[in-house]
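What follows is a set of notes on a single structure, which appears directly below.
There are 2 protein chains.
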Amino acid sequence: MQDKRPTEAELAILGVLWAKGPSTVRAVHGVLEPERGIGYTTVLKLLQIMLDKGLVCRDTSARSHVYEAAIERTSIQDALVSDLRDKAFDGSAASLVMHALSPQRASADDIARVRAWLDALEGTEP
Amino acid sequence: MQDKRPTEAELAILGVLWAKGPSTVRAVHGVLEPERGIGYTTVLKLLQIMLDKGLVCRDTSARSHVYEAAIERTSIQDALVSDLRDKAFDGSAASLVMHALSPQRASADDIARVRAWLDALEGTEP
DNA sequence: AACGAAGTACGAAAGTCTTCGTTGACATCT
DNA sequence: AGATGTCAACGAAGACTTTCGTACTTCGTT
Numbered sequence: 001m002q003d004k005r006p007t008e009a010e011l012a013i014l015g016v017l018w019a020k021g022p023s024t025v026r027a028v029h030g031v032l033e034p035e036r037g038i039g040y041t042t043v044l045k046l047l048q049i050m051l052d053k054g055l056v057c058r059d060t061s062a063r064s065h066v067y068e069a070a071i072e073r074t075s076i077q078d079a080l081v082s083d084l085r086d087k088a089f090d091g092s093a094a095s096l097v098m099h100a101l102s103p104q105r106a107s108a109d110d111i112a113r114v115r116a117w118l119d120a121l122e123g124t125e126p
Numbered sequence: 127m128q129d130k131r132p133t134e135a136e137l138a139i140l141g142v143l144w145a146k147g148p149s150t151v152r153a154v155h156g157v158l159e160p161e162r163g164i165g166y167t168t169v170l171k172l173l174q175i176m177l178d179k180g181l182v183c184r185d186t187s188a189r190s191h192v193y194e195a196a197i198e199r200t201s202i203q204d205a206l207v208s209d210l211r212d213k214a215f216d217g218s219a220a221s222l223v224m225h226a227l228s229p230q231r232a233s234a235d236d237i238a239r240v241r242a243w244l245d246a247l248e249g250t251e252p
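Going line by line, the protein sequences match chains A and B.
Residue numbers for the first sequence follow this note's numbering, so the first one is 1 and each next one is one higher.
Residue numbers for the second sequence follow this note's numbering, so the first one is 127 and each next one is one higher.
Okay, structure coming up:
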């Protein structure tokens, strides 16, 4: 339990668990099958692997085991953003942000939200 | 030649080519060996694979071939940021940006640069 | 009790990524 | 010319990821 970086398929599963909360394999599969055509046993296997890695935990008291994300969503998000910043932006958060907010890619709403957030930040951190 | 997303090792090599411009295998290896202990033939092989994928081009007129990035750095950066936004932030650029600029992670300078950039944006886009 | 449905566990296959050893070509130095 | 060093090319091994088939178990229904 040291490398907290999930693979792509694992991240998709975590996305479901974060969105829906604790879920059975069937429930996770129900979400993922339509959008990526993944098989039931594949989801099961992935969840077992993720259990090994400590990415999820589960409750086995019922016959259908209930899985739950074992890490905060924000902690994964932080890790992934830092990773990308270092690998593709020479460690510059500003550069990354300008790409993410480039008007061709981000909505005016996104930009407004960030602006408001920055203003609030200024108020609390003189 | 459709999926422009480089793997991790490929991205490291592209990073060198973007920073140094057209380079021989030896030059790329000279940068990467100290920081990740990678072998010479590994770099060579990677560059050959990247040539196949269209990520780099090369000049073979001299005995030591000279490789050059075949794609813009910004185009890769855009792809990677969009990818991360969709996979880990529910498609929300604002959410991604707030993580990237969180004061624990970003320097005050980064934040100031983004703020200035946003101000400039407002001027040009009423 | 027997059957079928729903579930978990396991192993293996296929694909991708990364790594390097080995080979043969070419150049340079003695 | 022969030895030495540098280089590209190739193949293959090992790790990791993703996928699913198959087998076994458990529950509910007939």
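We treat Cβ as the ideally placed atom computed from N, Cα and C, and that holds for glycine.
It should be emphasised that the depicted structure is a prediction, and the values quoted were computed from it without experimental measurement.
### Message
Check whether the segment 46-57 of chain A and the segment 98-116 of chain A touch, using three or more Cβ-Cβ pairs below 8 Å as the test.
### Response
no
### Message
Taking 8 Å as the threshold (beta carbon to beta carbon), is A27 (chain A) in contact with chain B?
### Response
no
### Query
Fully enclosed by the segment 177-211 of chain B, which alpha helix (DSSP H) runs are 4 residues long or longer?
none
### Message
For G217 (chain B), report the span of its alpha helix (DSSP H) as first-last.
### Response
Neither: G217 (chain B) is in no alpha helix (DSSP H) and is coded neither H nor E.
### Message
Considering just the uninterrupted stretch of the alpha helix (DSSP H) at A232 (chain B), what are its terminal residues?
### Response
Element bounds for A232 (chain B): n/a, residue is neither H nor E.
### Message
At the level of alpha carbons, what is the spacing between G249 (chain B) and V114 (chain A)?
### Response
16 Å
### Query
In the DSSP assignment, what are the bridge partners of A150 (chain B)?
Before going on, a small fix: residue 150 (chain B) reads as Thr here, not Ala. Note: T150 (chain B) sits in a beta bridge opposite B:V192.
### Query
In three-state DSSP terms, what is K45 (chain A)?
helix
### Query
Whose Cβ in chain A lies nearer than 9 Å to the Cβ of V240 (chain B)?
A93, A94, V97, M98, L101, V114, L118
### Query
Taking any Cβ of chain A, which residues in the segment 199-210 of chain B have a Cβ under 8 Å from it, in chain order?
T200, I202, Q203, D204, L206, V207, S208, L210
### I204 (chain B) versus A:L101, A:A79, A:G21, A:G15, residue with shortest Cα-Cα distance
With the sequence shown as reference, residue 204 (chain B) is identified as Asp, and Ile is not the correct amino acid for it. Nearest C-alpha to D204 (chain B): A:L101.
### Message
Rounded to the nearest angstrom, what separates S75 (chain A) and K87 (chain A) at their Cα positions?
### Response
18 Å
### Query
Using the beta-carbon of each residue, which ones in chain B are nearer than 9 Å to K87 (chain A)?
E134, L137, A138, G141, L206
### Message
Any beta carbon of chain A sitting closer than 8 Å to that of M127 (chain B)?
### Response
Confidence is the limiting factor: at M127 (chain B) the pLDDT is only 48, short of 50, which leaves the residue's position unreliable and the question unanswerable from this model.
### Message
Can you give me the C-alpha to C-alpha distance between D216 (chain B) and W18 (chain A), rounded to a whole angstrom?
### Response
11 Å
### Query
If you run the structure through DSSP and keep just helix, strand and coil, what is M127 (chain B)?
Annotation note: pLDDT 48 at M127 (chain B) (below 50); position unreliable, no value reported.
### Query
Applying the criterion that 16 or more other CB atoms from any shown protein chain within 10 Å of the CB defines a buried residue, is G180 (chain B) buried or exposed?
exposed
### Query
Alpha carbon to alpha carbon, what distance is there between A70 (chain A) and P6 (chain A)?
12 Å
### Query
Within this structure, are the beta carbons of Y193 (chain B) and R199 (chain B) separated by less than 8 Å?
no
### Task
Return helix, strand or coil for I38 (chain A), following the three-state DSSP convention.
coil
#### Entry: Contact set for E136 (chain B): own chain, Cβ-Cβ below 7 Å, skip 5 residues either direction
L172, M176, L181
### Query
What number of angstroms, rounded off, separates the C-alpha of T60 (chain A) from the C-alpha of A220 (chain B)?
38 Å
### Query
Is R131 (chain B) close to chain A, meaning its C-beta is less than 8 Å from at least one C-beta of that chain?
no
### Task
Please list the partners that D178 (chain B) has in chain A, where partner means a Cβ-to-Cβ separation under 7 Å.
Going along chain A, no residue has its Cβ under 7 Å from D178 (chain B), so there is no contact; the nearest lies around 22 Å.
### Task
Identify, in the order they occur along the chain, each residue of the same chain with its Cβ nearer than 8 Å to the Cβ of L32 (chain A), setting aside the five sequence neighbours on each side.
A12, I13, V16, I38, V43
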